[in-house]
Amino acid sequence: MALKLRATWLFLGVLVAPLPLWADANLDYQNRGDRFEGLKPKPVSGYDIELISVLADYQEPSTQLPDQLRVGFYLQSQTPVHLTVREQDYRLYYWLDRVTPPKGWQAKSVNEYSWPTASVLRQLDQKLNPYELGVLVRLGRDTPGENEDIAPAILYHAQLPDKIGGYLFTMKTNGDARLGCKVYRGKESRELMTQAFRRLPGGRPFTVRWDAAGAQEGQHTLVCNGYFLDT
154 MALKLRATWL FLGVLVAPLP LWADANLDYQ NRGDRFEGLK PKPVSGYDIE
204 LISVLADYQE PSTQLPDQLR VGFYLQSQTP VHLTVREQDY RLYYWLDRVT
254 PPKGWQAKSV NEYSWPTASV LRQLDQKLNP YELGVLVRLG RDTPGENEDI
304 APAILYHAQL PDKIGGYLFT MKTNGDARLG CKVYRGKESR ELMTQAFRRL
354 PGGRPFTVRW DAAGAQEGQH TLVCNGYFLD T
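When the letters of the sequence shown are read in order and numbered with this note's numbering, they come out as residues 154 to 384.
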């Protein structure tokens, strides 16, 4: 019997997987001034879908890990911002969050946050592809919920893109699943994009790409629903 897959972004961060053995305690997840960053135990999902990252479809060329990375996003109105940077697929157990920019987050503006890679990332993997990282900018609340407000982010190191042609929504399910995802504009009932996945392996990240070329400005909604598959 197939189990219904709820369209929710909830996940439980109580159970953890063990960390890999690193000798340097300086790499541990800790306060680094304007952020917390380091190796952090992997949360084990207790719900159906875990949202990992919402990024503009842009990759700035680089032959090596840059000295610093930047995240940019537009903030429509003044609201609490909760920025998380993590691996899309756990390998190094890297995690960055609890960011406190010097001037705060500014409404009606493109906000930027930058941090050095020498502190943690370069010590973990000097050849790391920055786009193995996911970025999630939650608005209003710092924990997952059934309905979430997300500001799409741009991950770069030197140059912002001239334009954005699409967005990447990365998530994972808590078990093998069949899933369908749709994008809507505001409260309109007509979908702008639909994508179906016949079988997604549980616990593995997957990405929904929305080709936003020609899309109007404004709030858009991604809705995913489906069901778990028998094993």
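Ideal placement from N, C-alpha and C gives every residue a C-beta, glycine not left out.
Identify the continuous alpha helix (DSSP H) that holds residue i and give its terminal residues.
i, result
"Arg291", "From DSSP, Arg291 is part of no alpha helix (DSSP H) but of the beta strand (DSSP E) over 286-292."
How many Å lie between residue i and residue j at the Cα?
i, j, result
"Lys261", "Leu382", "44 Å"
"Glu240", "Glu190", "12 Å"
"Thr253", "Ser267", "11 Å"
"Arg185", "His235", "16 Å"
"Lys193", "Arg331", "30 Å"
"Thr326", "Ala368", "28 Å"
"Tyr380", "Asp329", "9 Å"
"Asn300", "Val288", "18 Å"
"Gln183", "Leu277", "16 Å"
"Trp175", "Lys195", "Summary for Trp175: the model assigns pLDDT 49, below 50, so the residue's position carries little reliability; its value from the coordinates is reported in the next sentence. The straight-line gap from Cα to Cα measures roughly 15 Å."
"Glu285", "Arg275", "14 Å"
"Thr237", "Phe322", "14 Å"
"Pro314", "Lys340", "29 Å"
"Arg390", "Gln229", "Nothing can be reported for residue 390: it is not among the residues displayed for the chain, which extend from 154 to 384."
"Pro297", "Val290", "11 Å"
"Leu345", "Asn179", "46 Å"
"Gln279", "Asp242", "18 Å"
"Arg338", "Asp177", "47 Å"
"Ser215", "Arg244", "21 Å"
"Pro233", "Thr270", "26 Å"
"Ile202", "Met324", "7 Å"
"Tyr247", "Pro283", "12 Å"
"Gln217", "Ser342", "44 Å"
I need the boundaries of the beta strand (DSSP E) containing residue i, first residue and last residue.
i, result
"Arg275", "That residue, Arg275, is in no beta strand (DSSP E); its alpha helix (DSSP H) goes 274-277."
"Gln369", "Where Gln369 is concerned, there is no enclosing beta strand (DSSP E), given that its DSSP letter is neither H nor E."
"Leu236", "234-240"
"Tyr227", "221-228"
"Val263", "262-269"
"Asp250", "247-250"
"Ala178", "That residue, Ala178, is in no beta strand (DSSP E); it is neither H nor E in DSSP."
"Glu203", "202-209"
"Glu213", "Premise fails: Glu213 is in no beta strand (DSSP E) and is neither H nor E."
"Glu301", "From DSSP, Glu301 is part of no beta strand (DSSP E); its letter is neither H nor E."
"Gly191", "189-192"
With distances taken Cα to Cα, identify the nearest neighbour of residue i among the options.
i, options, result
"Leu272", "Pro219, Ala306, Tyr320", "Per the sequence shown, residue 272 should be read as Ser rather than Leu. Taking only the C-alpha atoms, the option nearest Ser272 is Pro219."
"Leu292", "Pro314, Leu281, Leu222, Trp258", "Trp258"
"Ser311", "Ser230, Glu265, Leu245", "Before going further, note that residue 311 is Ala rather than Ser in the sequence given. Minimum Cα distance to Ala311 is reached at Glu265."
"Asp181", "Tyr211, Leu249, Leu353, Asp187", "Leu249"
"Gln348", "Ser215, Val376, Leu308, Gln231", "Val376"
"Lys335", "His373, Arg223, Arg352", "His373"
"Thr231", "Leu281, Leu353, Gln212, Val263", "The question names Thr, but residue 231 is Gln in the sequence shown. With distances taken between Cα atoms, Gln231 lies closest to Val263."
Open item on the list: Quick check on the DSSP output: what are the complete beta strand (DSSP E) runs of length 3 or more inside the stretch 309-359, in order along the chain?
Closed with: 319-326, 330-338, 344-353
TODO: Say whether the stretch 201-217 touches the stretch 296-309, bearing in mind that this needs 3 or more beta-carbon pairs closer than 8 Å, one atom from each stretch.
DONE: yes
Open item on the list: Does the contact criterion of 3 or more C-beta pairs under 8 Å hold for the stretch 313-323 versus the stretch 355-364?
Closed with: The stretch 313-323 vs the stretch 355-364: in contact.
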